[in-house]
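Here is the structure we will look at, set down as structure tokens.
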Amino acid sequence: MKVKSKLKNLRISPRKVRLVSGLIKDMDTEDALNQLQSTVKRSSPVIEKMLKSAIASAENNWGMDKDNLYVYDIQVGEGYRMKRWMPRAYGRATPILKRTSSVILTLEERVEGKNRKSKDQMNKEKKEREEKKKKLEKDMTEQREKEKGDTEKKGEIPFREKRTEAEQKKGEKKGWMKKMFQRKAG
1328 MKVKSKLKNL RISPRKVRLV SGLIKDMDTE DALNQLQSTV KRSSPVIEKM LKSAIASAEN
1388 NWGMDKDNLY VYDIQVGEGY RMKRWMPRAY GRATPILKRT SSVILTLEER VEGKNRKSKD
1448 QMNKEKKERE EKKKKLEKDM TEQREKEKGD TEKKGEIPFR EKRTEAEQKK GEKKGWMKKM
1508 FQRKAG
């Protein structure tokens, strides 16, 4: 099964993106990620992000194992061209083409169906994650209520109400500060 990820209108020239995309073709996903992290090109972080997105899509939507995936194909095509002008001598103008790229990344499994999860397994894992999340939220609210109850039993005043009148007056501006930072009323 093939998983595709598309990126349109990347503001880097296709010729420059092809340099990076050629490096990772037919590589395992882990090796490709390592290669992209060590490559010093402007398009490598973008393609790395795209590859991670495709891997996540394969795992979550199709139940594939990320260790079994490899970069089947990566195509870099030309997107739209922005046309700009540069002034030159004697009142002339020469065109500048700011090129964009569109990239299509395709992942495929090395061994078809190896460690692939069924829809039932994926749904079961999803329900378990949701239950864990609800339980964690419930525990957090109970803990907050318990802490709130403990402070009320001790007779403590919440932090915001602890300031005394002397401390409040201390924060007021005096002398020339009062004149400089006066608020205009009405």
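Here my numbering is used: the first residue of the sequence shown is 1328, the next is one more, and so on.
All residues carry an ideal CB built from backbone N, CA and C; glycine is no exception.
Note that the coordinates shown come from a computational prediction; the quantities given were computed from them, not determined experimentally.
* Asked: Closest to aspartate 1394 by CA distance: which of Lys1475, Leu1360, Ser1371 is it?
  -> Leu1360
* Asked: Going straight from the alpha carbon of glutamine 1364 to that of glycine 1476, what length do you get?
  -> 50 angstroms
* Can at least three beta-carbon pairs, one atom from the region 1426-1434 and one from the region 1398-1405, be found at a separation below 8 angstroms? -> yes
* Of the choices Glu1452, Glu1405, Asp1358, whose alpha-carbon is the least far from that of lysine 1425? -> Glu1405
* To do: Can you tell me the Cβ-Cβ gap for valine 1430 and serine 1340, rounded? I've got them flagged as a contact below 8 angstroms.
  => Going by Cβ atoms, the distance from valine 1430 to serine 1340 rounds to 12 angstroms, so no, they are not a contact pair.
* For the alpha helix (DSSP H) that contains isoleucine 1401, what are its first and last residues? -> Taken as a continuous stretch (DSSP letters only), isoleucine 1401 belongs to no alpha helix (DSSP H), being part of the beta strand (DSSP E) at 1396-1414.
* **For aspartate 1466, the residue or residues it bridges with in DSSP** => According to DSSP, which records beta bridges pairwise, aspartate 1466 is partnered with nothing at all.
* CA-to-CA distance, lysine 1459 to aspartate 1466, given in whole angstroms -> 10 angstroms
* Asked: Are there three or more Cβ pairs, one per stretch, closer than 8 angstroms when the region 1436-1452 is compared with the region 1384-1392?
  -> yes
* Given methionine 1354 as reference, the closest of Arg1411, Leu1378, Arg1369, Ser1370 once Cα atoms are compared -> Leu1378
* Asked: Going by other Cβ atoms of all chains shown within 10 Å of its Cβ, with 16 needed for buried, is valine 1438 buried or exposed?
  -> exposed
* Given a cut-off of 8 angstroms, decide if valine 1344 and serine 1384 are closer than it, judged by their beta-carbon atoms. => no
* **Selection from Asn1336, Leu1337, Leu1396 that minimises the alpha carbon distance to lysine 1352** => Leu1396
* **Where the beta strand (DSSP E) containing asparagine 1442 begins and where it ends** => That residue, asparagine 1442, is in no beta strand (DSSP E); it is neither H nor E in DSSP.
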